[in-house]
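Participant:
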Amino acid sequence: MPQDPTSPPHLHLGGRPLSVVGRARIYVCGVTPYDVTHLGHAATFVWVDAADRVLRRLGVQVEVCRNVTDVDDVLFDAADRAGAYYDRFAAVQQFHFEQDMDALGVRRPAHEPRAHTFVPQVVALAAALVESGAAYVSQGSVYFRGAHVAGSHGLLRDEAIALLAGNGGRVDDAAKQDPLDQAIWQAAAPDGGRNVPAWPSPWGPGRPGWHAECTAMALSTYGSSLDLHAGGADLRFPHHAYEAAQAEAATGVTPFARSWLHVGTVRLDGEKMAKSTGNLVFAKDLLARTSGPVVRTLLLDRPYATPWDYTDAALQAAAVRLDA
């Protein structure tokens, strides 16, 4: 039976219904501004932009929040290598990122919170979770009790620990009661140095934990829940899992996100693009060779969740398809 043109559109995301009730509040994990944009980053933001545009065409009022993770160890290390202060270094990298997004036709978000400006909100989040018993204080840090998070995402304990270890989860931190606990507030090291900032808190100087940054920014922007949360597939666990668990523990509202959009990994020669392996294809290099619409077509030329390998032949095929 044809759909009633006066009823809300029936949308699906990954085979599941995507509820549309006149507005869509979207939160997407943005970049850590320590290097220029590679294709893995670009794919996520182009797909979110595509979802934004489809929803707008259907008459939905869309609001996008894309954060900037400018409090992070990899940023501090990169700034130190460059001999620059972390905040100035991050601002330069963020400028280049926004230039790339403009060239790829990605709309500017309605909200672009920067982690360093949300430290008070992270402190408040940590205090609330300690008061409720969902977190505890140890050696100047505040840890979220995370033993339950792995099971709720279909992971065995050992699998979750391995994923945390590969994503800065500090599983060997002696201050933690459980390797699966994650820092909401990380105590400052005595020899932090000029590029490792610290802020005051009730537990002593320190800085926000990665997952807590996004929890605080999302809750501050949208309240207790949002409609669509997006990011790369590699963020599914631990980052998105802990972000959501902390939000739900703080507010009592479930689910934190009604739908999730996890964009498939972009690889080179079968390996995920990563700074650590040096196998990166930068958006700016492709944009110097061809147009933004061609690169955008390349990134959208498959189902959003599909992992894929970049090749020059794929870029050429995107150019042909766009001209067809």
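Adding 170 to a residue's 1-based position in the sequence shown gives its number in my numbering.
Yeah, the Cβ is synthetic: ideal placement off N, Cα and C, and Gly gets one too.
Note that the structure is a prediction, hence the values are computed from the model and not measured.
1. Starting from the C-beta of residue 175, find all residues in its chain whose C-beta is less than 8 angstroms away, skip the five residues before and the five after it, and write them out in chain order.
2. Would you mind sorting residue 185 into buried or exposed? The rule is 16 or more other CB atoms within 10 Å of its CB.
3. In chain order, what are the residue ranges of uninterrupted alpha helix (DSSP H) at least 4 long that sit wholly in the segment 237-323?
4. My guess is that residue 505 and residue 436 are in contact by the Cβ rule of under 8 angstroms, so how many angstroms apart are they, rounded?
5. Counting only the same chain and skipping the five closest in sequence on each side, list residues whose C-beta sits under 7 angstroms from that of residue 298.
6. Where does residue 290 land, buried or exposed, given buried means 16+ other C-beta within 10 angstroms?
7. I'd like to check one pair, residue 316 with residue 380: are the Cβ atoms closer than 8 angstroms?
8. Pick out whichever of 296, 342, 349 and 307 has its Cα sitting closest to the Cα of residue 318.
9. Is residue 467 buried or exposed, if buried means 16 or more other CB atoms sit within 10 Å of its CB?
10. By alpha-carbon positions, which one of 430, 272 and 267 ends up nearest to residue 205?
11. Only counting runs of 3 or more residues, tell me where the beta strand (DSSP E) segments fall wholly within the segment 359-437, in order along the chain.
12. DSSP state of residue 188, grouped into three classes?
13. Nearest by alpha-carbon distance to residue 458: which of 305, 270, 324 and 294 is it?
14. For residue 199, which of 325, 485, 431 and 463 has the nearest alpha-carbon?
15. According to DSSP, which residues form a beta bridge with residue 195?
16. Look up residue 228 in the DSSP assignment and say whether it is helix, strand or coil.
17. Within the continuous alpha helix (DSSP H) that includes residue 486, where are the two ends?
18. Going by DSSP in three states, residue 445 sits in which element: helix, strand or coil?
19. Within the continuous beta strand (DSSP E) that includes residue 357, where are the two ends?
20. Under three-state DSSP, which class holds residue 507?
21. From what residue to what residue does the alpha helix (DSSP H) around residue 465 run?
22. In three-state DSSP terms, what is residue 219?
23. Leaving out the 5 sequence neighbours to the left and right, which residues in its chain are closer than 7 angstroms to residue 242 when beta-carbon positions are compared?
24. Excluding five sequence neighbours on each side, which residues of the same chain lie with their C-beta closer than 7 angstroms to the C-beta of residue 492?
25. Could you tell me if residue 192 is buried or exposed, where buried requires 16 or more neighbouring beta carbons within 10 angstroms of its beta carbon?
26. So who's on the other strand from residue 343, going by DSSP bridges?
27. Determine the contact status of residue 351 and residue 314, defining contact as a CB-CB distance below 8 angstroms.
28. By Cβ distance below 8 angstroms, which residues in the same chain neighbour residue 403 in space, the five residues on each side in sequence not counted?
29. Taking just the CA atoms, how far does residue 276 sit from residue 222?
Facilitator: Based on what the coordinates show:
1. Translated into the one-based positions of the sequence shown, residue 175 becomes position 5. Since pLDDT at residue 175 reaches only 45, below the 50 mark, its modelled position is unreliable, and the value read off the structure follows with that caveat. Excluding sequence neighbours, residue 175 sits near nothing in its chain.
2. Stepping through the sequence shown from its first residue, residue 185 is reached at position 15. Exposed.
3. 243-252, 256-273, 289-302 and 319-322
4. The structure shown does not extend to residue 505, since the chain spans only 171 to 494, so no value can be given for it.
5. In the sequence shown, residue 298 corresponds to position 128, counting from 1. Excluding sequence neighbours, residue 298 sits near 420.
6. Position 120 of the sequence shown holds residue 290. Per the 10 Å Cβ criterion, exposed.
7. As a first step, residue 380 must be located in the sequence shown, where it is residue number 210. As a first step, residue 316 must be located in the sequence shown, where it is residue number 146. No; because the gap between Cβ atoms is not below 8 angstroms, this pair is not in contact.
8. Translated into positions along the sequence shown, residue 318 becomes position 148. Nearest C-alpha to residue 318: 349.
9. Here residue 467 corresponds to residue number 297 of the sequence shown, with the count starting at 1. Buried.
10. Position 35 of the sequence shown holds residue 205. Ranking 430, 272 and 267 by Cα distance to residue 205 puts 267 first.
11. 376-378, 396-402 and 427-433
12. Working through the sequence shown from its first residue, we reach residue 188 at position 18. If DSSP states are grouped into helix, strand and coil, residue 188 belongs with the strands.
13. Here residue 458 refers to the residue found at position 288 of the sequence shown. It is 270.
14. Along the sequence shown, one-based indexing puts residue 199 at 29. Minimum Cα distance to residue 199 is reached at 431.
15. Along the sequence shown, read from residue 1 onward, the residue named residue 195 stands at position 25. Per DSSP, 233.
16. Residue 228 sits at position 58 when you count from the first residue of the sequence shown. Of the three classes helix, strand and coil, the one that applies to residue 228 here is coil, per DSSP.
17. Reading the sequence shown from its first residue, position 316 is the one you call residue 486. Looking at the DSSP string, the run of the alpha helix (DSSP H) that includes residue 486 is 482-493.
18. On the sequence shown, residue 445 is found 275 positions in, with the first residue counted as 1. Coil.
19. Residue numbering aside, residue 357 sits at position 187 when the sequence shown is read from its first letter. Per DSSP, residue 357 belongs to the beta strand (DSSP E) from 352-357.
20. In the structure as shown, the chain starts at 171 and stops at 494, and residue 507 therefore has no counterpart that could be examined.
21. Sequence index remark: in the sequence shown, residue 465 carries index 295 (1-based). Here the alpha helix (DSSP H) through residue 465 covers 462-470.
22. If you number the sequence shown from 1, residue 219 lands on position 49. Here residue 219 sits in helix by DSSP.
23. Reading the sequence shown from its first residue, position 72 is the one you call residue 242. Excluding positions up to five away in sequence, the list reads 202 and 380.
24. The sequence position of residue 492 within the sequence shown is 322, counting from 1. Hits under 7 angstroms: 463, 464 and 467.
25. What you label residue 192 is simply residue 22 of the sequence shown in a count that begins at 1. Classification for residue 192: exposed.
26. Walking along the sequence shown from the start, residue 343 turns up at place 173. DSSP output for residue 343 lists no bridge partner at all.
27. Numbered from 1 along the sequence shown, position 181 holds the residue referred to as residue 351. Numbered from 1 along the sequence shown, position 144 holds the residue referred to as residue 314. Against a cut-off of 8 angstroms, the Cβ pair of residue 314 and residue 351 comes out as a contact.
28. Looking up residue 403 in the sequence shown gives position 233. The answer, listed in chain order, is 432, 433, 434, 435, 475 and 477.
29. Within the sequence shown, residue 222 is the residue found at index 52, counting from 1. Within the sequence shown, residue 276 is the residue found at index 106, counting from 1. Roughly 10 angstroms separates the two Cα atoms.
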